[in-house]
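Comments concern the structure below.
In mature numbering (1 follows the signal peptide of the UniProt record, and there is no 0), the protein residues as written are -27 to -1, 1 to 362.
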């Protein structure tokens, strides 16, 4: 795709900023996230403006070792020569390297795209550990609009694994029609109405029979949308406020941001969150720290970042996540290049990578315009992780 066409996509997106549609942008066959989508600071007036935590977390810095510096130099070369917009290398809460590339800077508000699914997984875990939901809770128990529909039989566990068994109508992860996408941009689409319509709530067709919940993982926006609505109803809390109270506050967010929602305050739980780079770092640190804690939420995060369902054995037939053999709770696992990692992954090359060894605190964060160079990120992540051995 020519740059002029890519920028035209971006200008269109300024009118309809929320990211998910029937035909997502590509550049030369790769998933693309133009600056006009990736770095938008202001949203529609009905979006939620997130707030800093009452107790912001201080990130640390130290001088890199010689071995770390060698990998930092490689990261700098990638930023210079690839469509990167930000790159971060961390060891626990210590930032060894952080760089942005114009027009991005430290004050940019980065859209995580589908990294927001991992945020949704963590928010659902908080609801489970608060006793508001169970992994076995069916969607119809909380959303009576789904009674008698196939999607209503999906449990929280099914939804977290993208295994609702519901219809998968579009070639990308979106589920709305082009007309519904336009209405979404105008603020006229209610996400509850979207996910309960028969076109989306019916069972997906298998070769011989309809899919049932839990049988197969199919990457689509329906599952996080429904889970976000369920959490909001079960907790009696608007979804964006739940994100504020259960994610942004405990992780120690230091700056304001944005969360995308409809006018009825149903959150765009397949993506949704826009934060400054330093707060994406704080989210990464909080998830890693939580994964080492005892108790309900620690157990949940460990489960979320480990394989819960297969992404298929043949990379060529995988709808999404070609380099991932497994899926946790809205989090990718079994990376074919870098072992023992879990990844939050967003369209166009947005990534957070965690090492799943509790004794290895190395993390990698990237934001990008085009997805094409992710194997380079994974190779660098593999070597970064090795430094802790």
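Every residue gets a Cβ at the ideal spot worked out from N, C-alpha and C, and that includes glycine.
Looking at residue j and residue i, is the spacing between their C-beta atoms short of 8 Å?
i	j	result
residue 16	residue 323	no
residue 111	residue 128	yes
residue 4	residue 320	yes
residue 68	residue 254	yes
residue 221	residue 83	no
residue 353	residue 134	no
residue 33	residue 219	no
residue 225	residue 76	no
residue 138	residue 188	yes
residue 212	residue 242	yes
residue 316	residue 325	yes
residue 308	residue 351	yes
residue 215	residue 57	no
Check the C-beta distance from residue i over to residue j and give it rounded, since I have them as a contact under 8 Å.
i	j	result
residue 217	residue 24	6 Å
residue 203	residue 106	7 Å
residue 10	residue 234	17 Å between Cβ atoms; not a contact.
residue 318	residue 305	5 Å
residue 197	residue 126	In fact, because the Cβ distance is near 17 Å, the residues do not count as touching under 8 Å.
residue 191	residue 355	Wrong, their Cβ atoms sit about 29 Å apart, outside the cutoff.
Would you list the residues sitting across from residue i in a DSSP beta bridge?
i	result
residue 34	68
residue 282	300
residue 316	305 and 326
residue 3	-1
residue 339	60 and 324
residue 261	Beta-bridge pairing links residue 261 to no other residue.
residue 196	For residue 196, which the question treats as bridged, DSSP gives no partner whatsoever.
residue 356	According to DSSP, residue 356 bridges with nothing at all.
Which of the three DSSP states is assigned to residue i in this structure?
i	result
residue 351	helix
residue -7	At residue -7 the pLDDT is 43, less than 50, meaning the model places this residue with poor confidence and gives no usable figure here.
residue 28	coil
residue 377	Given that the chain is displayed from residue -27 to residue 362, the structure contains no residue 377 and the question cannot be resolved.
residue 266	coil
residue 361	coil
residue -24	Confidence at residue -24 is low in this model, with a pLDDT of 35, below 50, so the placement of that residue should be treated as unreliable; the coordinate-derived value is given next. Of the three classes helix, strand and coil, the one that applies to residue -24 here is helix, per DSSP.
residue 168	helix
residue 311	coil
residue -17	Reliability fails at residue -17, whose pLDDT of 34 lies under 50, so the model's placement of it is uncertain and no value is given.
residue 191	coil
residue 211	coil
residue 8	helix
residue 82	strand
Hey, which unbroken runs of the beta strand (DSSP E) at 3 residues or more fall wholly within the stretch 217 to 252?
-> 230 to 232 and 246 to 249
Alpha helix (DSSP H) runs contained entirely in the stretch 104 to 144, provided each spans 4 or more residues = 112 to 115 and 129 to 133
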